[in-house]
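Contents: one structure, followed by commentary.
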Amino acid sequence: MENCIEVKHLSKAFGSGHTTRVVLDDCDFSIERGKLTALIGKSGSGKTTILQILGGLLLADQGEIVVDGEAIQNKTDAELSDYRATKTGFVFQNFELLPDYTVEENICFVSDLQGRPRDPDWLEQLIEALNLQGLEDRFPHELSGGEQQRTAIARALYHQPVVIFADEPTGNLDNRNSDEVFWLLKDCARRFNQTIVMVTHDLGLAKQSDRVLMIEEGKVFPYEA
Numbered sequence: 687m688e689n690c691i692e693v694k695h696l697s698k699a700f701g702s703g704h705t706t707r708v709v710l711d712d713c714d715f716s717i718e719r720g721k722l723t724a725l726i727g728k729s730g731s732g733k734t735t736i737l738q739i740l741g742g743l744l745l746a747d748q749g750e751i752v753v754d755g756e757a758i759q760n761k762t763d764a765e766l767s768d769y770r771a772t773k774t775g776f777v778f779q780n781f782e783l784l785p786d787y788t789v790e791e792n793i794c795f796v797s798d799l800q801g802r803p804r805d806p807d808w809l810e811q812l813i814e815a816l817n818l819q820g821l822e823d824r825f826p827h828e829l830s831g832g833e834q835q836r837t838a839i840a841r842a843l844y845h846q847p848v849v850i851f852a853d854e855p856t857g858n859l860d861n862r863n864s865d866e867v868f869w870l871l872k873d874c875a876r877r878f879n880q881t882i883v884m885v886t887h888d889l890g891l892a893k894q895s896d897r898v899l900m901i902e903e904g905k906v907f908p909y910e911a
């Protein structure tokens with residue numbers, strides 16, 4: 687299976703002097719293309735830190751990071767901004783939808799901002815895949831939590847990024863909606879050959895992903911039940 691992301695010797699620490707806390711210590715791992723990979727670990731273990739580094743939101747102290755064949759660790763701020771806009775999509779725990787925009791406008795927002803023409807056929811595919819039919823003209827306050835998160839997933843998918851980073855996407859949902867959102871993410875990985883990296887504290891959901899990586903004591907390794 688082809689890898690979408692290759693990481694070697696990744697390290698990251700916070701603080702300085704006697705307050706230094708090493709979060710990632712010389713980590714090597716890969717993420718397969720077109721699969722849903724779950725990142726698990728205790729609170730504070732570095733799950734979100736990895737997501738932010740891979741997504742170009744945080745700089746590593748050292749390491750080699752290759753995404754879709756492109757090294758990102760030495761990019762300028764402008765290059766990282768372009769990388770985030772074109773190759774990545776983000777799904778957050780708190781949905782982060784624009785309150786004054788409809789479902790359709792939220793989905794298309796990133797592409798609209800970049801001046802790209804809308805693709806009605808692709809939009810229709812996403813709305814159907816994420817069970818948003820009939821909600822296109824509603825505003826976020828008119829949606830359930832599950833509907834808001836499905837809208838956020840559609841927004842992340844719409845500009846067809848190389849990889850989607852989902853940070854606790856089910857954290858604010860009840861069990862039924864958590865299961866639905868997870869299976870929709872997994873279905874999107876399969877249906878659209880979309881690479882998805884998901885941070886979760888829910889081991890039960892993580893075990894149903896295509897692959898599980900665990901972060902413990904600064905190291906990243908395949909999880910084995």
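Residue numbers (the numbering used here): 687 to 911.
No residue lacks a Cβ here, since even glycine has one placed at the ideal position from N, Cα and C.
Q | Nearest-angstrom Cβ-Cβ length linking Leu-722 and Lys-872, presumed shorter than 8 Å | A | 5 Å
Q.
For Leu-784, which residues in the same chain have their Cβ closer than 6 Å to its Cβ, ignoring the five residues on either side in sequence?
A. Asn-792
Q | Buried versus exposed call for Thr-856 [16 or more other C-beta atoms within 10 Å across all chains shown] | A | buried
Q: Can you give me the Cβ contacts of Ile-739 inside the same chain, cut-off strictly under 6 Å, excluding the 5 residues immediately before and after it?
A: Ala-746
**Q.** Close Cβ partners of Phe-795 (< 8 Å) along its chain, the five nearest in sequence each way excluded
**A.** Leu-784, Tyr-787, Arg-841
Q | Cβ contact check for the stretch 821-829 and the stretch 865-884: 3 or more pairs under 8 Å | A | no
Q) Per DSSP, what kind of secondary structure is Val-761 in: helix, strand or coil? A) Reading the sequence as shown, one finds Lys at residue 761 and not Val. Three-state DSSP puts Lys-761 in coil, outside helix and strand.
Q.
On the CB-based measure, 16 or more other CB atoms within 10 Å of its CB, does Gly-730 come out buried or exposed?
A. Exposed, because fewer than 16 other Cβ atoms sit within 10 Å of the Cβ of Gly-730.
Q: Could you pull the start and end residues of the alpha helix (DSSP H) that Phe-868 belongs to?
A: That run of the alpha helix (DSSP H) goes 861-878.
Q.
Between the alpha carbons of His-827 and Asp-714, how many angstroms are there, rounded?
A. 42 Å
Q: Starting from Ser-716, follow the beta strand (DSSP E) in both directions and report where the run begins and ends.
A: 707-718
Q: Have a look at the DSSP bridge pairing and note the partners of Val-693.
A: Phe-715, Ile-751
Q: Would you grab the beta carbon distance between Gly-775 and Pro-847 for me? Rounded to a whole angstrom, and I think it's under 8 Å.
A: 4 Å
(Q) Report the CB separation of Arg-770 from Gly-749 in whole angstroms; it is logged as a contact under 8 Å. (A) In fact, because the Cβ distance is near 18 Å, the residues do not count as touching under 8 Å.
(Q) Is it buried or exposed, Lys-733, if we count other Cβ atoms within 10 angstroms and call 16 or more buried? (A) buried
Q: Put Leu-722 into one of helix, strand or coil per three-state DSSP.
A: strand
**Q.** Per-residue DSSP class, three states only, for Thr-774
**A.** strand
Q) When you compare only the Cα positions, how much space is there between Asp-768 and Gln-759? A) 14 Å
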